[in-house]
Every structure is written in C-alpha cells, then in structure tokens.
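Asker: Last residue of the sequence shown? That's 224 in the UniProt record's numbering, and every number before it is there in order. Even glycine gets a Cβ: it sits at the ideal position worked out from N, Cα and C.
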Amino acid sequence: DTININNRGAFILFEGCDKAGKSTQAKKLFEYLKNNGHSVELWKFPDRKTTIGQIINGYLANDKELDDKAIHLLFSANRWECMKDMKNLLLSGTTLIVDRYAYSGVSYSVAKGLDLDWCCLPDRGLLSPDIVFFMDLTAEAAEKRGGFGEERYEKKSLQEKVRKIFYMLKEKDNDSDSLWKILNANQSVEMLHKRIVESSLKLIEKCHQLPLKDDLWK
Ligand code: TMP
Ligand code: MG
Numbered sequence: 007d008t009i010n011i012n013n014r015g016a017f018i019l020f021e022g023c024d025k026a027g028k029s030t031q032a033k034k035l036f037e038y039l040k041n042n043g044h045s046v047e048l049w050k051f052p053d054r055k056t057t058i059g060q061i062i063n064g065y066l067a068n069d070k071e072l073d074d075k076a077i078h079l080l081f082s083a084n085r086w087e088c089m090k091d092m093k094n095l096l097l098s099g100t101t102l103i104v105d106r107y108a109y110s111g112v113s114y115s116v117a118k119g120l121d122l123d124w125c126c127l128p129d130r131g132l133l134s135p136d137i138v139f140f141m142d143l144t145a146e147a148a149e150k151r152g153g154f155g156e157e158r159y160e161k162k163s164l165q166e167k168v169r170k171i172f173y174m175l176k177e178k179d180n181d182s183d184s185l186w187k188i189l190n191a192n193q194s195v196e197m198l199h200k201r202i203v204e205s206s207l208k209l210i211e212k213c214h215q216l217p218l219k220d221d222l223w224k
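1) Please classify residue 217 as buried or exposed, where buried requires at least 16 other C-beta atoms within 10 Å of its C-beta.
2) Taking Cβ to Cβ, would you say residue 128 is nearer than 8 Å to residue 79?
3) For ligand 1, any of its heavy atoms closer than 7 Å to the Cβ of residue 142?
4) Considering only DSSP beta bridges, list what residue 172 is partnered with.
5) Could you pull the DSSP bridge partners for residue 190 from this structure?
6) With a CB to CB cut of under 7 Å and the five nearest residues on each side skipped, what residues in its chain are close to residue 115?
7) To the nearest angstrom, how far is the alpha carbon of residue 58 from that of residue 89?
8) Looking only at its own chain, which residues have a Cβ that is under 7 Å from the Cβ of residue 87, when we skip the five neighbours before and after it?
9) Compute the minimum distance between the beta carbon of residue 157 and the heavy atoms of ligand 2, and state whether it is under 7 Å.
10) Closest to residue 177 by C-alpha separation, out of 117, 62, 223 and 76, would be which residue?
11) Am I right that residue 154 and residue 148 are in contact with their C-beta atoms under 8 Å? What's the rounded C-beta distance?
12) Can you grab the Cα-Cα spacing for the pair residue 211 / residue 146, in whole Å?
13) Taking the alpha helix (DSSP H) that residue 223 falls in, what are its first and last residues?
14) Helix, strand or coil: which one does DSSP assign to residue 131?
15) Mind checking whether the beta-carbon of residue 105 lies closer than 7 Å to any heavy atom of ligand 2?
16) Kindly identify the DSSP beta-bridge partner or partners of residue 103.
17) DSSP beta-bridge partners for residue 137?
18) With DSSP collapsed to three states, give me the class of residue 72.
19) CB residue 39 to CB residue 101, shorter than 8 Å?
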C-alpha cells in the first residue's frame, strides 16, 4: 500500500532502552525544527492519555496486573488508534517525531518470553518510519541514570535482553543500514543533538519526494 504524495512530512522515530535519552533528544529536535520554521509535531508511545493508554499506564506503574499477551495487544492497539491522525499529518506536510513505536512493542514483549513472530503480527502494516535513531546504551549505564527502576520494565536483566532484540529487529528490516542510525547514547546531549539534526534535515528534504508507506514488517 503506497500512497503517492509530494511534500509530505518525515516520520522520524527514536527507539532504545529505558533511560537512553530518547525523550530528551526527541524534544530537542522538535524545538530545533519548530524554531527553524518547520511544521512538526512530537508524539510518544505509549500515548497514556487515551482510554487504552490509561490501562497501559496503570500496568507500567505496577498498579494493575495483565496477561503478557493482553498488554502486548494493548500497546499495539494504542498505536493503531493514532494511525489515521498520524497519516493525515504526514500527508499534509507535517514532520512527526515519534518517541518509541512498534520496535519497543516487540522488544519488551519478546524479552519477557513471547514469540517474536507472534509479537510482530499485530503491528504489521503500521506506517513505516523514514529513519530510526537507535539510542544505544548498555544496561549498566542505564542503571546509573536518574529514575531508573521506577517503572515495571526498568530492571537491568530485562533491559539487556530488550537491547539484543532491538538489534534483531534492525536486521529484519529491509535496507536496515540506511533506515537505522545507531547512536552511542553515552555522549553529551549536545553532540548527539548535532548529529540528529544533521541527519534529520537531510531526511526531511528527501521525504518531500518519497511516497508514504504503511508497510511495517510486510
Ligand atoms: P516510556 O518509558 O518511554 O514512557 O515507555 C514505557 C515503557 O513501556 C518502557 O519500559 C517501554 C515499554 N513499552 C512496551 O513494552 N511496549 C510498547 O509498545 C511501548 C511503546 C513501550
Ligand atoms: Mg521509561
């Protein structure tokens, strides 16, 4: 399913383990682009504001217990409920910066023991990102960062598994070396920001001419 359109926005995704600095970099990129005249929005998954998102929030805060498969499907549904709005924004020329997506969805569930193919299926056919900035940080380094351990998945052994599965998912993508930008998250915020801005500006230019695809993992 390819939608042909000119001058669409770019779908810029940040992925990585907890405490890798995704939200910090996503916000800095958003501010940079906004201040330089781009039409841009910042999105984050899980989107905890929707009805589904509130259940997810309760689960992550350890207030609520849910079957591993049930919560996996809720994370996926939380993306699907946003697809129409995301698609319309991209087609209208707005660049979307997205903080976590289906790669997180699969990595955390597989790290808990679910089957990889089973986990990918519900997200199959979502909009595909134009770039994946993978903020790479070891679990040892993450553990030392402020706030680690507050939510359900913030445990060193789980994060180590999650990191490996992110790399497996990278290999699964077509043309993964141009789609994925692996960034060492153990650098200064400003150094990372500079690299991310450079790649993003080039990408935004390129996306004006590219069709938008809803073919994730197809
Ligand atoms: P956050 O820290 O970025 O708000 O994400 C909350 C947690 O939810 C984080 O540990 C990663 C996890 N997660 C999933 O397990 N599945 C998903 O689909 C997403 C988006 C996040
Ligand atoms: Mg977190």
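Answerer: Quick answer:
1) For this step, residue 217 is matched to residue 211 along the sequence shown. Under the 10 Å beta carbon count, residue 217 is surrounded by fewer than 16 other beta carbons and is classified as exposed.
2) Within the sequence shown, residue 128 is the residue found at index 122, counting from 1. Within the sequence shown, residue 79 is the residue found at index 73, counting from 1. The answer is yes: Cβ separation under 8 Å.
3) Along the sequence shown, one-based indexing puts residue 142 at 136. Incorrect: residue 142 has no Cβ contact closer than 7 Å to ligand 1.
4) By one-based count along the sequence shown, residue 172 stands at place 166. Paired residues: none, contrary to the question.
5) Your numbering for residue 190 matches position 184 in the sequence shown. Note: residue 190 sits in a beta bridge opposite 142.
6) Sequence index remark: in the sequence shown, residue 115 carries index 109 (1-based). The residues 74, 78 and 125, in chain order, have a CB closer than 7 Å to that of residue 115 in the same chain once the five nearest residues on each side in sequence are set aside.
7) In the sequence shown, the residue the question calls residue 58 occupies position 52. In the sequence shown, the residue the question calls residue 89 occupies position 83. Taking the straight line from one Cα to the other gives about 14 Å.
8) Here residue 87 refers to the residue found at position 81 of the sequence shown. The beta carbon of residue 87 lies closer than 7 Å to those of 56 and 58 in the same chain, with the five residues before and after it left out.
9) Numbered from 1 along the sequence shown, position 151 holds the residue referred to as residue 157. Yes, since a heavy atom of ligand 2 falls inside the 7 Å radius drawn around the Cβ of residue 157.
10) Looking up residue 177 in the sequence shown gives position 171. Residue 177 has its Cα closest to that of 223, out of 117, 62, 223 and 76.
11) Working through the sequence shown from its first residue, we reach residue 154 at position 148. Working through the sequence shown from its first residue, we reach residue 148 at position 142. Yes, residue 154 and residue 148 are in contact; Cβ-Cβ is about 6 Å, under 8 Å.
12) Mapped onto the sequence shown, residue 211 falls at position 205. Mapped onto the sequence shown, residue 146 falls at position 140. Cα atoms of residue 211 and residue 146: separation of roughly 37 Å, rounded to the nearest angstrom.
13) Here residue 223 corresponds to residue number 217 of the sequence shown, with the count starting at 1. Annotation: residue 223 is outside any alpha helix (DSSP H) and is labelled neither H nor E by DSSP.
14) As a first step, residue 131 must be located in the sequence shown, where it is residue number 125. DSSP places residue 131 in the coil class of the three-state scheme, outside both helix and strand.
15) Counted from its first residue, the sequence shown places residue 105 at position 99. No, since every heavy atom of ligand 2 falls outside the 7 Å radius drawn around the Cβ of residue 105.
16) As a first step, residue 103 is located in the sequence shown; it is residue number 97 there, counting from the start. Answer is 18 and 48.
17) Start at 1 with the first residue of the sequence shown, and residue 137 comes out as number 131. BP columns for residue 137 point to 18.
18) In the sequence shown, the residue the question calls residue 72 occupies position 66. When DSSP states are grouped into helix, strand and coil, residue 72 belongs to the coil group.
19) Position 33 of the sequence shown, counting from 1, holds the residue named residue 39. Position 95 of the sequence shown, counting from 1, holds the residue named residue 101. For residue 39 and residue 101, yes; Cβs fall inside 8 Å.
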